[in-house]
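Using this note's numbering, read the sequence shown as starting at 154 and increasing by one per residue.
All residues carry an ideal CB built from backbone N, CA and C; glycine is no exception.
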Amino acid sequence: MSNVVILFAPEKSPVKEQAKAVADAISSKEWKVSIKSAAKSHIPELAPADIMIFGSGDTKIPASEGEYKELFRAFEGVNFAGKIAAVFSETGSSFDSELVKTLEDSDAALFQPVLSFSGSQINKKTMTDWVKKLFAFFKEYRSTRNV
């Protein structure tokens, strides 16, 4: 069984519901999916993850100063080689570019594009298509690494 960890912030925002919707789209007997607030997460919880998905709601606070603050501090020097990382965020969040840069520096294989939503809604078809593409990316990545 493979593992997916979905982290989200801020805790009291529509992004929590979006994280649950992404998890529901992933739901499968082949995957163990964990969802947790970024503010309550620690680097060791990412260790078993094959895919790490990071979500952010509408916030003007940079990710490195908000609820992801402790994780961002811990990301410095962490090597996520062999892991897939993906991002979803509310349109207009400064989170995307900051997190993408941090994940690129960590050697995670970054899945693009960022899944964007507006308000409390992600178009279900758009999200389902994004999840399918994410898992196709994962399979291709694993096959090229002979894992």
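Counterpart residues of residue i in DSSP-defined beta bridges
i, result
"Asn232", "Paired residue(s): none; Asn232 is not in a bridge."
"Ser263", "It should be pointed out that residue 263 corresponds to Leu in this sequence rather than to Ser. Paired residues: Ala238."
Sequence-distant residues of its chain with Cβ nearer than 6 Å to residue i (five each side left out)
i, result
"Met154", "Lys185"
"Glu220", "Ala162, Pro163, Ala191, Ala192"
N-terminal and C-terminal residue of the alpha helix (DSSP H) that residue i is part of
i, result
"Val253", "248 to 258"
"Val284", "277 to 298"
Inter-residue CB distance, residue i and residue j (contact presumed, cutoff 8 Å)
i, j, result
"Val284", "Ala178", "4 Å"
"Ala176", "Ile188", "5 Å"
"Val168", "Gly210", "4 Å"
"Ile204", "Phe270", "No, Ile204 and Phe270 are not in contact; Cβ-Cβ is about 19 Å, not under 8 Å."
Beta-carbon contacts of residue i that lie in its chain and below 7 Å, excluding the five residues immediately before and after
i, result
"Val240", "Phe207, Asp249, Leu252, Val253, Val267"
"Leu263", "Ala238, Val253, Leu256, Glu257"
"Asn232", "Ser259, Asp260"
Range of the contiguous beta strand (DSSP E) that encloses residue i
i, result
"Glu243", "237 to 243"
"Phe270", "268 to 270"
request  = Enumerate, from N- to C-terminal direction, the unbroken alpha helix (DSSP H) stretches of 4 or more residues contained entirely within the stretch 154 to 208.
outcome  = 168 to 179
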